[in-house]
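For the record, in the sequence shown the residue sitting at position 260 is 260 according to full-length UniProt numbering, with numbers rising by one throughout.
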Amino acid sequence: MIKVLISLSVLAAAATAGSITELPESVTKLIDYSINPCEDFYQYACGAWHKDAVIPPDKHDIDTSFHEINIKSEAVLANIFADNTTKLGAFYNSCLDTATLSSLGVTPLEDSFKAIRSARTKLDLLIVAGELAKNGIPAFVDISSRADDDSTKNALFAYEDPLSLAYIFYTNPSDWKFVEAEYKVYIATVLQLAGYTAEQAAAAVPVIIRFEQTQLGVAHRELKDMEAVVSPYTAFTYSQLNQKYPLLVGSWLKAHGFDIYDQWGGSNDWVGFLNLNYFDTTEELLKNTPLDNLRTIVEFRLIHSSSKHLTPEFSTANWNLFGKKIYGQKVETSR
Numbered sequence: 001m002i003k004v005l006i007s008l009s010v011l012a013a014a015a016t017a018g019s020i021t022e023l024p025e026s027v028t029k030l031i032d033y034s035i036n037p038c039e040d041f042y043q044y045a046c047g048a049w050h051k052d053a054v055i056p057p058d059k060h061d062i063d064t065s066f067h068e069i070n071i072k073s074e075a076v077l078a079n080i081f082a083d084n085t086t087k088l089g090a091f092y093n094s095c096l097d098t099a100t101l102s103s104l105g106v107t108p109l110e111d112s113f114k115a116i117r118s119a120r121t122k123l124d125l126l127i128v129a130g131e132l133a134k135n136g137i138p139a140f141v142d143i144s145s146r147a148d149d150d151s152t153k154n155a156l157f158a159y160e161d162p163l164s165l166a167y168i169f170y171t172n173p174s175d176w177k178f179v180e181a182e183y184k185v186y187i188a189t190v191l192q193l194a195g196y197t198a199e200q201a202a203a204a205v206p207v208i209i210r211f212e213q214t215q216l217g218v219a220h221r222e223l224k225d226m227e228a229v230v231s232p233y234t235a236f237t238y239s240q241l242n243q244k245y246p247l248l249v250g251s252w253l254k255a256h257g258f259d260i261y262d263q264w265g266g267s268n269d270w271v272g273f274l275n276l277n278y279f280d281t282t283e284e285l286l287k288n289t290p291l292d293n294l295r296t297i298v299e300f301r302l303i304h305s306s307s308k309h310l311t312p313e314f315s316t317a318n319w320n321l322f323g324k325k326i327y328g329q330k331v332e333t334s335r
């Protein structure tokens, strides 16, 4: 599919203001002058570009605006990153050093693995998951700030955290069938790259998928419920949340150092909820999931979220599923 995005209003304005030749070349070269704009203005406005446009093999779409801007932006950034004497350049180039990455393997994750595997209770494990969320590893809840109904301030609101795949792959049977086999291969592959045996990885696959499908089913129902929901929202103090959702929300608050015991008595010490169904049901899901299964799920989330930044084998496994299968890319994107 070729994604076309061009400001047709520019051409329309020019047509009423004066000659089309007054437009810059960057616009006129897109036009198919053989087409009558009164009959097919879209084809007239960008038909020449559409005829010759080719999707790069490492991309899944292309357009006339954002794609071009992105190319120019990447060229500017490449010049900045080329200077290895700066901290930014050194950091960027370290991500490209595949030899070092290969020698490190999963060493960068070892401290996190140790914390996950040493947790003796679900609460301890979920506090570790909350700690990992500080580094961008999805936990089971996301608490972030957004505009309050009172537009003079922001407030904290709770949402479900994203899963490995987009919602549609869990909720639409045909989309799930499209990706199911490759997703199972991906899970088993990255787990084995992280040190699991083939047998351990095979056993983990249904555990992870079953949990995600159950959790996503809850989240999907909540999204439907929220369509009819209009603020005001429901608000709980940190202390109330620690009592109501000790595993799902209380663990996250503890990991991030929030006052869950109302020791400070802050008037803004609360979190807003637009719908409670996801949180009620996921708290029960966490409560009913065996500790070892939950440990496997947290480890997979860590590995999956880190996969594009580890060894080339991890990165390729990620691309095989997301870049190649889901987005239809022909060649693997470079780091």
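Positions of the beta carbon are idealized from the N, C-alpha and C atoms, including for glycine.
In terms of Cβ geometry, residue 271 and residue 158 form a close pair [threshold 8 Å].
In terms of Cβ geometry, residue 251 and residue 156 do not form a close pair [threshold 8 Å]. Three or more beta-carbon pairs separated by less than 8 Å link the region 313-327 to the region 179-197, which places the two stretches in contact. CA-to-CA, the gap between residue 233 and residue 81 works out to about 45 Å. Rounded to whole angstroms, the gap between the alpha carbons of residue 247 and residue 175 is 31 Å. Only residues of its own chain outside the window of five on either side were considered, and among them 116 have a CB closer than 6 Å to the CB of residue 299, listed in chain order.
DSSP places residue 157 in the uninterrupted beta strand (DSSP E) bounded by 154-159. For the 8 Å CB-CB criterion, residue 216 and residue 163 form a contact. Taking the C-beta atoms as reference points, residue 140 is found no nearer than 8 Å to residue 302.
When rounded, the separation of the alpha-carbon atoms in residue 38 and residue 32 is 13 Å.
Here residue 23 is not near residue 48, since their CB atoms are 8 Å or more apart. The beta carbon of residue 83 lies closer than 7 Å to those of 89 in the same chain, with the five residues before and after it left out.
Annotation: the continuous alpha helix (DSSP H) that includes residue 295 extends over 291-306. Around the beta carbon of residue 331, a 10 Å sphere encloses fewer than 16 other beta carbons of the protein chains shown; the residue is thus reported as exposed.
Classified as buried, residue 133 has 16 or more neighbouring CB atoms from the shown chains inside 10 Å of its CB. Bounds of any beta strand (DSSP E) do not take in residue 250, whose DSSP letter is neither H nor E. Contact check for residue 212 against residue 170 passes: the beta carbons are separated by less than 8 Å. Residue 266 and residue 258 have their C-alpha atoms roughly 11 Å apart.
Judged by DSSP in its simplified three-state form, residue 66 adopts helix. A direct Cα-to-Cα measurement between residue 310 and residue 40 gives close to 49 Å. In terms of Cβ geometry, residue 261 and residue 60 do not form a close pair [threshold 8 Å].
Judged by DSSP secondary structure, residue 319 falls within the alpha helix (DSSP H) whose first and last residues are 312-319. With 16 or more other CB atoms across the displayed protein chains lying within 10 angstroms of its CB, residue 289 is buried. Around the Cβ of residue 173, a 10 Å sphere holds fewer than 16 other Cβ atoms; the residue is exposed.
Pairing residue 62 with residue 305 gives a Cβ-Cβ distance that is not under 8 Å. Annotated three-state conformation of residue 273 is strand, per DSSP. Following the DSSP letters along the chain, one finds residue 234 inside the beta strand (DSSP E) bounded by residues 234-237.
Cβ contact annotation for residue 238 (same chain, cutoff 6 Å, sequence separation greater than five): 253, 258, 259, 260, 269, in chain order. The Cβ atoms of residue 296 and residue 207 sit closer than 8 Å to each other. Under the three-state reduction of DSSP, residue 210 is assigned to helix. Here the alpha carbons of residue 194 and residue 313 stand approximately 11 Å from one another.
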